[in-house]
Amino acid sequence: MKKTFDVEGRQMTAACNGLLPKLYRYNFGRDIMMDLKKFHDGAKKDPENVDMTPLENLTWLMFKEGGEDVGESPDEWLRTLEDPASVYILSQDMLALWQQSQRTTATPKKK
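Residue numbers (our numbering): 1 to 111.
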């Protein structure tokens, strides 16, 4: 699944696919599902002090998978952004893209 976003006036394509959890583990040594759960729980508990690192990493990885030139690390890409809030503005859209990619088209056999 691919989607194009406006990032500070640039059109950037993000991709979400089945390889993403493996790439996340390879690049960051962490489990994407656990990190997103921890992020979600932290955001519900204290939204002003939540650790945004998993979303920064996921956003970078999704743009990299979309074929964008985002450097060799999330930090390298974040340095190119003029507005520090840009990645946070994108975070809702990135989470929505992730959730859309998780939907199944299979119908349950048992009722």
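Note that beta-carbon positions come from the ideal geometry of N, C-alpha and C, so glycine has one too. In this text the structure is predicted, and so the values were computed from the model without any measurement.
Look at the alpha carbon of residue i and the alpha carbon of residue j, and state the distance between them as a whole number of angstroms.
i: ASP35; j: ILE89; result: 19 Å
i: PRO54; j: LYS109; result: 35 Å
i: ARG112; j: GLY9; result: There is no way to answer for residue 112, as the model of the chain reaches only from 1 to 111.
i: MET12; j: GLN92; result: 16 Å
i: ARG25; j: TRP98; result: 16 Å
i: VAL50; j: VAL87; result: 14 Å
i: SER101; j: ASN27; result: 20 Å
i: ARG79; j: GLU72; result: 12 Å
Provide the residue(s) that pair with residue i in DSSP beta bridges, ordered along the chain.
i: ALA15; result: LYS2
i: VAL50; result: VAL50 pairs with nothing; no bridge assigned.
Exposed or buried, residue i, counting other C-beta atoms within 10 Å across all chains shown (16 or more means buried)?
i: MET1; result: exposed
i: GLU68; result: buried
i: LYS44; result: exposed
i: LEU58; result: buried
i: LYS64; result: buried
So, under 8 Å CB-CB, residue i and residue j are touching, yes? Tell me the CB distance rounded to an integer number of Å.
i: PRO74; j: GLU56; result: 5 Å
i: MET62; j: ALA96; result: Between ALA96 and MET62 the Cβ distance is about 12 Å, and since that is not below 8 Å, they are no contact.
Nearer than 7 Å: is that true of the beta carbon of residue i relative to any heavy atom of the ligand GTP?
i: LYS38; result: Looking at this structure, you won't find the ligand GTP or any other ligand, since it has none at all.
Taking C-beta to C-beta, are residue i and residue j nearer than 8 Å?
i: ILE32; j: LEU20; result: yes
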